[in-house]
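**Q** These protein sequence lines are chains D and W, in that order.
For the record, in the first sequence the residue sitting at position 31 is 31 according to this note's numbering, with numbers rising by one throughout.
Offset between the second sequence (1-based) and this note's numbering: plus 1000.
Number of protein chains: 2
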Amino acid sequence: MAAPFSREEIRGAAAALEGVAVRTPLVEIPALSRVAGVPVFIKAEHRQPIGAFKIRGAFTALARMAPDVRAAGVLTHSSGNHGQALAWAARHFGVRAVIVMPDDSPRVKVAGVRRHGGEVVFCKRPERARVAAGIAEREGLAQVPPYEHADVILGQATCAWEVLDDMPEVATLVVPVGGGGLLAGSAVAIRASGRPTRLVAVEPEGAAKVGPALQAGQPVPLAHPHSIADGLLPAAVGALNFALFRDVVASSVTVSDEEIARAVRLLHDAGERVEPSGAVPSAAVLAGRVPSDGPIVALVTGGNVDADVYERLTVALSS
Amino acid sequence: MAAPFSREEIRGAAAALEGVAVRTPLVEIPALSRVAGVPVFIKAEHRQPIGAFKIRGAFTALARMAPDVRAAGVLTHSSGNHGQALAWAARHFGVRAVIVMPDDSPRVKVAGVRRHGGEVVFCKRPERARVAAGIAEREGLAQVPPYEHADVILGQATCAWEVLDDMPEVATLVVPVGGGGLLAGSAVAIRASGRPTRLVAVEPEGAAKVGPALQAGQPVPLAHPHSIADGLLPAAVGALNFALFRDVVASSVTVSDEEIARAVRLLHDAGERVEPSGAVPSAAVLAGRVPSDGPIVALVTGGNVDADVYERLTVALSS
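#1: Between which two residues does the beta strand (DSSP E) carrying D:K109 extend?
#2: In angstroms, rounded to a whole number, what distance separates the CA positions of W:A1063 and D:L17?
#3: Look up W:E1203 in the DSSP assignment and give the residues it is bridged to.
#4: Let me know if W:P1221 comes out buried or exposed under the rule of 16 or more other beta-carbons within 10 Å of its beta-carbon.
#5: Name, in chain order, the residues that DSSP records as bridge partners for W:R1198.
#6: Would W:I1190 pass as a contact of W:L1214 if the rule is Cβ separation under 9 Å?
#7: Checking contacts by CB at 9 Å: is W:E1045 closer than that to chain D?
#8: Does the structure place the stretch 64-78 of chain D close enough to the stretch 281-288 of chain D that three or more beta carbon pairs sit under 8 Å?
#9: Indicate whether at least one CB of chain W lies closer than 9 Å to the CB of D:G51.
#10: Mind listing, in chain order, the continuous beta strand (DSSP E) runs of no fewer than 3 residues lying wholly within the stretch 11-49 of chain D?
#11: Which partner residues does W:F1122 have in the DSSP bridge list?
#12: Count Cβ pairs between the stretch 101-111 of chain D and the stretch 121-130 of chain D that sit closer than 8 Å; are there 3 or more?
#13: Could you check if D:S6 is buried or exposed, using at least 16 other CB atoms within 10 Å of its CB as the buried criterion?
#14: Mind listing which residues of the stretch 1002-1019 of chain W have their C-beta closer than 9 Å to chain D's C-betas, in chain order?
#15: DSSP three-state label for W:A1090, please.
#16: Quick test of your reading: W:V1022 and W:R1047, contact by CB under 8 Å. State the CB separation rounded to the nearest angstrom.
#17: Would you mind telling me which residues of chain W sit closer than 9 Å to D:W88, beta carbon to beta carbon, in chain order?
#18: Taking 9 Å as the threshold (C-beta atoms), are W:Q1143 and W:V1074 in contact?
#19: Along chain D, in chain order, which residues have C-beta atoms closer than 9 Å to that of W:P1234?
#20: Output yes if chain W places a C-beta closer than 9 Å to the C-beta of D:G117; else output no.
#21: Got a sec: is the Cβ-Cβ distance from W:R1312 to anything in chain D below 9 Å?
#22: Would you list the residues sitting across from D:I296 in a DSSP beta bridge?
#23: Can we say the stretch 233-243 of chain D touches the stretch 266-275 of chain D, given the rule of at least three CB pairs closer than 8 Å?
#24: Which value, in whole angstroms, describes the spacing of the CA atoms of D:A201 and D:V305?
#25: What residues from the stretch 1088-1112 of chain W come within 9 Å of chain D, judged by C-beta to C-beta, listed N to C?
#26: Under 9 Å, CB to CB, which of the residues in the stretch 243-273 of chain D have a partner in chain W?
#27: For D:D165 and W:A1298, what's the separation of their Cα atoms in angstroms?
Next up, the structure:
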């Protein structure tokens, strides 16, 4: 697929995010550098205002929406970070945000949506799309899906764009995959940059979708995605996302829940509070599955994790 | 001194911050609750976009400034978090921010100012006020001081205001003191709320200013403030700040650098990356110096700490 966004569009999206999202730092994690034999940095997206990179896509989608559509309010269904992001972005534009959340969503993410001014509607997890569509139609709200949306992808592209801008010599960029929005955005950014950076996709073993999709030439839905990485459980990558990343991804690897937990603990020891989904790229590096002949940047996508879950992950492994 | 700001003004300042600053959560820290014998929560201001509460005062000052003055740009001198905050707020309004920084400022804070779009000018620490005044005059920039400023104090008041709004039953609010902006703001918020919450000021032993000021009836400058809490080293509390907090502070306690380091380590174990200055209230609770017959909220004011300093603090104490 032809590059859907030019350098100028990505740069424009990044500029629009100034003062709304943080230009997060690259932080070296020496314990990962020792494992990899090359310098390893995280891109600290858990330090965003909502604790996750999703602010980039949600804001960009709202910023590029027709003002009269946006004014009526927006809606999404999300178990977490995209919902918080949309609430935050909607507040920025002074419009309503309704977030349909599965009733098993992490409490910290529900609380986050509310703190950022979002209206939460609970439903059973399998019914979320139907419930969301019903409310959107009844109340005239524009749906902003979490990943299958060109402007959301453009927003997510700004993350890798900043990495390439801050550290042009990065050899390998390691990205987690849920619905594929961040992976597609990263592919778009790398392609627009013209740099030879290798893009590595990482998924939990119980929710691996990129390998099968690359093999089949199209997204292949999973019957029962499962992992402690609660943000990476969509049943399939989006078709648009797949079209954008398929020719750019250099390799796709998986990590076990135990390996993810070990990465959460390592990042905890380095002073970074990271949710399981956010630790997935670091887990692949820690497991020795990301060979690289130059600096590695592992995206840390979020830090929103319930206190009891976090304690279990970090205390259990230290004994 | 009469309450300088009404409930409506504080509420208005809090509303203006929506979408700019995060309404940070109250997070219980069980290890502190066990020490205190009552529930202890932190107000997690290190999760703000700039990693510190200072965003509240800086933004509020800019929001209330005459538009034509603001348009010419702003300036401050700061070794850290106020500088980052002013850069962030200035970017929000699309105006210049020049930050004069001592050349021994923490690197992470210098990098933060730059990431948020601020222009950094280095100088020797003792010359910072003079250098700042010179540039402000030459370039027509409005100075926004870090604490001695009514609108900055109003902004900082929103922090305690949120605490009282989210947890009206809080019995004791524990606040660190540098120049006294946050303490004055907390006093203003408690007074405006009409609640009987006790306000406890905490300072490093090497930079204790509140006790002496309360005794003398006016700020008493320190010759050589020193502490690992680099954000709490102004030589004196501001006169305006003192006037606002003197009749509201219930008690003033000090903590040693070792006690501060112990609190950094405890918060690290709880998954919160906190800078030494930000851990000072928690240190007082941990040292058993904050008796309370009901829930305690200890403000955690920031998380911007250099990686090597943080590692030394957290690793040294775990052995």
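Note that the Cβ used here is the ideal one computed from N, Cα and C, for glycine as well.
**A** On the basis of the data shown:
#1: Not the beta strand (DSSP E): D:K109 falls in the alpha helix (DSSP H), residues R107 to R115.
#2: 20 Å
#3: W:T1254
#4: exposed
#5: W:T1172
#6: no
#7: no
#8: no
#9: yes
#10: 26-28 and 40-44
#11: W:M1101
#12: yes
#13: exposed
#14: E1018 and G1019
#15: helix
#16: 6 Å
#17: G1019 and V1022
#18: yes
#19: What W:P1234 touches in chain D: nothing, since even the nearest Cβ is about 27 Å away.
#20: yes
#21: no
#22: D:V40 and D:T172
#23: no
#24: 22 Å
#25: W1088, A1089, A1090, R1091, H1092, F1093, G1094, V1108, A1111 and G1112
#26: H268, D269, A270, G271, E272 and R273
#27: 39 Å
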